[in-house]
Each structure stands twice: as C-alpha cells, then as structure tokens.
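Everything on this sheet refers to the single structure shown next.
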Amino acid sequence: MIQVNRGKPPDILTRKRAVWLAAWRKAATPKARAQALARYRHEGIRDALRDAFHGKCAYCESQTDGVTWGHIEHYRPRSRFPELTFDWGNLLWACPRCNSECKGDQFPEAVDGGPIVDPCGDDPTDHLVFDYDPVARLANVYGKTIRGTVTRDLLDLNRPDLRAERSWRVKQLAYLSELAKRDAEARALLEEAKQDDAPYAAFARALDP
Ligand SMILES: [Zn+2]
127 MIQVNRGKPP DILTRKRAVW LAAWRKAATP KARAQALARY RHEGIRDALR DAFHGKCAYC
187 ESQTDGVTWG HIEHYRPRSR FPELTFDWGN LLWACPRCNS ECKGDQFPEA VDGGPIVDPC
247 GDDPTDHLVF DYDPVARLAN VYGKTIRGTV TRDLLDLNRP DLRAERSWRV KQLAYLSELA
307 KRDAEARALL EEAKQDDAPY AAFARALDP
C-alpha cells in the first residue's frame with residue numbers, strides 16, 4: 127500500500143452527486159434505494175478512479191486490469207454509510223479479492239483498533255512495514271501500529287497467493303537494489319519500480335529508501 131492522491135472528482139460526480147443523493151433519500155423501497163445507490167458505478171467515475179490509482183488495487187497494489195475488472199471500493203462501506211456512496215473522498219480502486227472477499231462491509235471503529243489505513247488519508251508507512259525476508263524470499267506486510275495490524279489482518283495482506291505473486295517480484299527488486307549501487311541501468315529500473323504506477327511499489331521504496 128502506498129499513499130495516493132486521488133485528485134479532483136470527475137465532472138460527472140461534481141454535477142450529479144447532490145441529485146443522486148436526493149434520489150436515494152426519496153427512494154421508497156429497498157430495491158429503489160439499491161438502484162439509486164448503484165449510480166456510483168458510472169463510467170466516468172470508474173475511469174477517473176482507475177487513472178488515479180494507476181489500475182492498481184489501493185490496498186494490495188496488485189494490477190487489476192490484466193486479469194479482472196477492478197472494483198470501485200467504498201472506504202467506508204456504502205451499506206453502513208450510504209450518505210458517502212457518492213463522496214469522492216470515500217472512493218478507492220480495489221481488486222475483487224481485497225474489496226469483496228476480505229473487506230466486504232467491515233469497518234472497524236477506533237474501539238476495535240480501526241479505522242483501517244486509508245491510502246488517501248494516511249501515510250501507510252506510519253502503520254505498516256513492507257518487509258522482504260531474503261532467507262525465506264518472502265515479501266511480508268507487518269503492522270507497525272494497532273491500526274496497521276488490524277488493516278493487515280482484515281485485508282489479509284499476506285494471503286498466500288498474493289504473497290507468492292508479490293514475493294516473486296520483490297526478490298528480483300532486492301537483487302536489483304544491490305546492483306543499483308554500481309550499475310546505472312539497475313538504478314534506473316529500481317527508480318521505475320518505486321513509482322506510483324509500479325506494482326508493490328511500497329516494497330521497492332522500503333528496499334531503497
Ligand atoms: Zn487488492
């Protein structure tokens with residue numbers, strides 16, 4: 127997880143947010159309310175979020191578009207905070223695994239060690255450690271604070287298949303970080319791996335602060 131500036135809301139949201147929210151408030155049946163809330167899936171919002179997050183999951187930093195459709199994720203779940211459904215500051219881009227399978231409708235409050243780390247509101251490195259173990263050749267996420275640990279556990283950021291995919295890349299980055307001390311091409315590749323659009327950039331940055 128890296129810190130992301132999602133930028134300004136797309137025009138469609140600026141123009142329609144109040145209208146959509148009013149339609150939800152007026153909706154008389156559960157079905158009508160659900161239909162009113164579903165407007166957040168507008169293509170203009172989807173495209174703006176995908177661009178802001180460089181097509182990477184806000185939580186696990188995996189590229190979504192190569193293998194699946196990314197999700198518009200509500201940091202505060204819309205089932206519990208419907209008034210934030212169209213709030214640009216509540217929207218993230220996430221992979222289906224982090225969004226649906228792990229987080230779902232959960233949102234731990236402070237009393238339960240939350241809230242989870244917000245990639246747009248927090249600096250994730252204040253709460254999480256992105257560690258590469260060169261002996262086991264594994265790239266692990268650890269909690270630095272209670273919020274970090276709760277985030278790691280809720281999103282299952284060390285789930286085996288994610289960790290395997292991530293470790294495959296990070297072990298190469300670890301080698302690159304050694305080469306980069308004396309090789310200009312390696313240095314350039316490592317700098318690329320630290321950019322916002324690179325998968326698992328948090329680990330590249332941790333390897334080469
Ligand atoms: Zn994810």
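Per our numbering, numbering of the sequence shown is gapless, rising by one per residue and ending at 335. Note that CB positions come from ideal geometry on N, CA and C, so glycine has one too.
Closer than 7 Å by C-beta to residue i: which residues in its own chain qualify, once you throw out the five before and the five after it? Chain order, please.
i	result
alanine 328	Met127, Ile128, Glu187, Pro250 and Phe256
serine 303	Leu316, Leu333 and Asp334
leucine 228	Reading the sequence as shown, one finds cysteine at residue 228 and not leucine. Once the five neighbours on either side are set aside, the close Cβ partners of cysteine 228 are Leu280, Leu281 and Asp282.
glutamine 232	Leu280
In its own chain, which residues sit with a C-beta less than 6 Å from the C-beta of residue i, not counting the 5 before and 5 after it?
i	result
alanine 105	Because the chain spans 127 through 335 in this model, residue 105 falls outside it and cannot be assessed.
alanine 319	Leu299 and Ala330
tryptophan 146	Arg165 and Phe212
For a quick check, are the C-beta atoms of residue i and residue j less than 7 Å apart?
i	j	result
glutamine 189	proline 325	yes
leucine 264	leucine 299	no
arginine 143	phenylalanine 207	no
leucine 288	tryptophan 219	no
glutamate 199	asparagine 225	yes
proline 136	glycine 170	yes
Does DSSP put residue i in a helix, in a strand, or in coil?
i	result
isoleucine 198	strand
alanine 265	strand
alanine 236	helix
aspartate 259	strand
glutamine 189	strand
alanine 290	helix
lysine 320	coil
alanine 164	helix
alanine 314	helix
lysine 182	strand
alanine 158	helix
Indicate whether at least one CB of chain D lies closer than 7 Å to the CB of residue i.
i	result
lysine 270	Here there is only one protein chain, and chain D is not present.
Whose C-beta lies closer than 8 Å to the C-beta of residue i among residues of the same chain, with five residues either side of it excluded?
i	result
threonine 271	Asp252 and His253
arginine 278	Leu254, Val267, Tyr268, Gly269 and Asn284
Taking 6 Å as the cut-off, does the CB of residue i come closer than this to any heavy atom belonging to ligand 1?
i	result
cysteine 246	no
Distance cut 5 Å, beta-carbon to ligand 1 heavy atom: residue list by chain order: The filter returns Cys183, Tyr185, Cys186, Cys221 and Cys224, in chain order.
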